[in-house]
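Since the structure comes first, as structure tokens, the remarks are kept for the end.
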Amino acid sequence: MGMSNGTLMTTVMIPPNSIDLSNNNITSIPPNFFNNQSDLLQVDLSNNQISYLNGSIFAPLVDLEVLNLKNNLITTIAVDVFSDLANLRSLDLAENSITSLPDNLFLHNFNLTDLHLGFNNISAIGRDTFTGLSALQKLFLNNGALSSIHPASFSPLVNAEELYLQDNHIDYLPRNVFRGLTKLRLVNLQGNPLGPQDVLAVLLLLLYGYRANLQVWFIARYPCCRSGRVEDKQYDAYISYSSEDQSLVVREIAPGLEERGFKLCLEYRDFPVGACIASTIIESVEDSRRTILLLSQSFVDCEWCALAFKAAHQQMLKDKQKRIVVIALDGPKLENVDKDLQFFLSTAECLKWGESQFWDKLSYALSGVGRGAVQNQPSDIELKSG
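Here the sequence shown is numbered in full-length UniProt numbering, starting from 1 and rising by one per residue.
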């Protein structure tokens, strides 16, 4: 692989436009490794053991658009390490050991639209932490140690649409912390010890101050902020799908939900090898707060999917709680639909894969923030029973 004691050697052949160096136990990168590679657009260094990013590593990559450093051991970042990456659009620093971010770290990344900082140990963000990020649309700063937010921390994020701040230690929000973010559609503050007054103040600011098409997700640790009791379940959701739709789950749906803080039960990853499939499906449904059905013709034709629906439907009737979330993948016509499933779909709210604000609506459906959180009409799918 051209490595020596975890250090990349310059003899590695780098393909044009992109390079994947993930899962290689890399501990450091020579300053000149990317010399003469200015045409690279994507670099993947995820799942390694890199602990420090110095200021000269990425300097030659002036055209770079995607940089993935997820799941390393990064603790320290030089303030100028990203300063030459003016074309960067996506940066993933999640699942590291970062405790602080230098001021003006992103000063020159004015084209960045997605920034992933979740699952770190960042305790505070200051006035200049995000200076320069005028194009940023999505900020993931979830599942960390964040407790201190400067009133002007988010001011540079004038195009921000989604902020994910869930599962931190935030117990206070500055009064005008979201002022000026007129494009904001979703704020996730689930799992923070916020008081009712903080929640109310932010809601009033966002809903009445801007009157934008905003969906705000506040689930604090207080009864007035919850729609109901959070059950003690192992998973937030179990996803039921046919084998034909597994690639969509692996590439899109599972990563999209897990980066938003949901814990999923997935057959290809979490089912014990050699276990009875039928009993494992039933147990997975029972251990999950919600069951997601990826509705397609192949789902309708799959006996294991039918079992998952029946188990979830029975649990829903028993508990008298909304537990099933439907995502329609195929067109409006489905054939040979089981009668119970047909009846359920005739009244169920149904999300459509790829529809406007899909992730917002799915997040609401799974979080249970009010029964009317997902404002879809009952399914208009044409069903034919077998």
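Where is the CB? At the ideal position from N, CA and C, for every residue including glycine.
Notebook entry, point to check: Around the Cβ of residue 127, are there at least 16 other Cβ atoms within 10 angstroms (buried) or fewer (exposed)?
Noted result: So residue 127 counts as exposed.
Notebook entry, point to check: Whose C-beta lies closer than 6 Å to the C-beta of residue 102 among residues of the same chain, with five residues either side of it excluded?
Noted result: 79
Check: Is DSSP giving residue 90 helix, strand or coil here?
Finding: strand
Notebook entry, point to check: So is residue 381 buried or exposed if we call it buried at 16+ other beta carbons inside 10 Å?
Noted result: Low confidence applies here, because residue 381 scores a pLDDT of 42, under 50, leaving its location unreliable and the question unanswered by this model.
Margin query: Is any non-hydrogen atom of the ligand NAP found closer than 8 Å to the C-beta of residue 299, if you look at the structure I gave you?
Written below: Ligands are entirely absent from the displayed structure, and the ligand NAP is therefore not among its contents.
Check: According to the neighbour-count rule (16 or more other Cβ atoms, all chains shown, within 10 Å of its Cβ), is residue 20 buried or exposed?
Finding: exposed
Checklist line | Presumed contact (8 Å Cβ cut-off) between residue 265 and residue 279, rounded CB distance | finding: About 14 Å separates the two Cβ atoms, so there is no contact after all.
Item checked: Alpha-carbon spacing of residue 75 relative to residue 121, whole angstroms -> 9 Å
Item checked: Alpha carbon of residue 320 to alpha carbon of residue 234, nearest angstrom -> 20 Å
Notebook entry, point to check: Excluding the five sequence neighbours on either side, which residues of its own chain have a C-beta within less than 6 Å of the C-beta of residue 118, listed in chain order?
Noted result: Beyond the five residues adjoining it in sequence on each side, residue 118 comes within less than 6 Å, by CB distance, of 94, 140, 142, 143 in the same chain, given in chain order.
Item checked: Continuous alpha helix (DSSP H) stretch holding residue 150: start and end -> Premise fails: residue 150 is in no alpha helix (DSSP H) and is neither H nor E.
Next item on the list: In angstroms with no decimal places, state the Cα-to-Cα distance between residue 64 and residue 81.
Entry: Between residue 64 and residue 81, the C-alpha separation is close to 13 Å.
Notebook entry, point to check: With DSSP run on the structure shown, which of helix, strand or coil describes residue 275?
Noted result: coil
Item checked: Proximal residues to residue 330 (C-beta, below 8 Å), its chain only, five neighbours per side dropped -> 295, 296, 297
Notebook entry, point to check: Do three or more CB pairs link the segment 306-323 to the segment 351-361 at distances below 8 Å?
Noted result: no
Notebook entry, point to check: residue 33 and residue 50: beta carbons closer than 9 Å?
Noted result: In this structure, residue 50 does not lie closer than 9 Å to residue 33 by Cβ.
Notebook entry, point to check: Is residue 73 buried or exposed, if buried means 16 or more other CB atoms sit within 10 Å of its CB?
Noted result: exposed
Notebook entry, point to check: Does DSSP put residue 374 in a helix, in a strand, or in coil?
Noted result: Caution applies to residue 374, whose pLDDT of 35 falls short of 50 and renders its modelled position unreliable; the value that the coordinates give is listed next. Note: residue 374 maps to coil in three-state DSSP.
Next item on the list: Give every residue of the same chain whose Cβ lies closer than 7 Å to the Cβ of residue 246, excluding the five residues on either side of it in the sequence, and list them in chain order.
Entry: 268
Note to self: Quick test of the definition: if touching needs 3 or more C-beta pairs under 8 Å, does the segment 174-194 touch the segment 155-165?
What the structure shows: yes
Next item on the list: Reducing DSSP to helix, strand and coil, say where residue 52 ends up.
Entry: strand
Item checked: Selection from 170, 194, 153, 337 that minimises the alpha carbon distance to residue 104 -> 153
Notebook entry, point to check: So, residue 53 versus residue 84, is the Cβ gap smaller than 9 Å?
Noted result: No, the pair does not count as a contact, with Cβ atoms beyond the cut-off.
Check: Per DSSP, residue 44 forms a beta bridge with which residues?
Finding: 20, 68
Next item on the list: Could you pull the start and end residues of the alpha helix (DSSP H) that residue 352 belongs to?
Entry: First-last for residue 352: 350-352, but that is the beta strand (DSSP E), not the alpha helix (DSSP H).
Margin query: On the criterion of 16 or more Cβ atoms from any shown chain inside 10 Å, does residue 281 qualify as buried, or is it exposed?
Written below: buried
Next item on the list: Could you tell me whether the Cβ atoms of residue 310 and residue 340 are closer together than 9 Å?
Entry: yes
Checklist line | Boundaries of the beta strand (DSSP E) in which residue 78 is found, first to last residue | finding: Here residue 78 belongs to no beta strand (DSSP E), and DSSP marks it neither H nor E.
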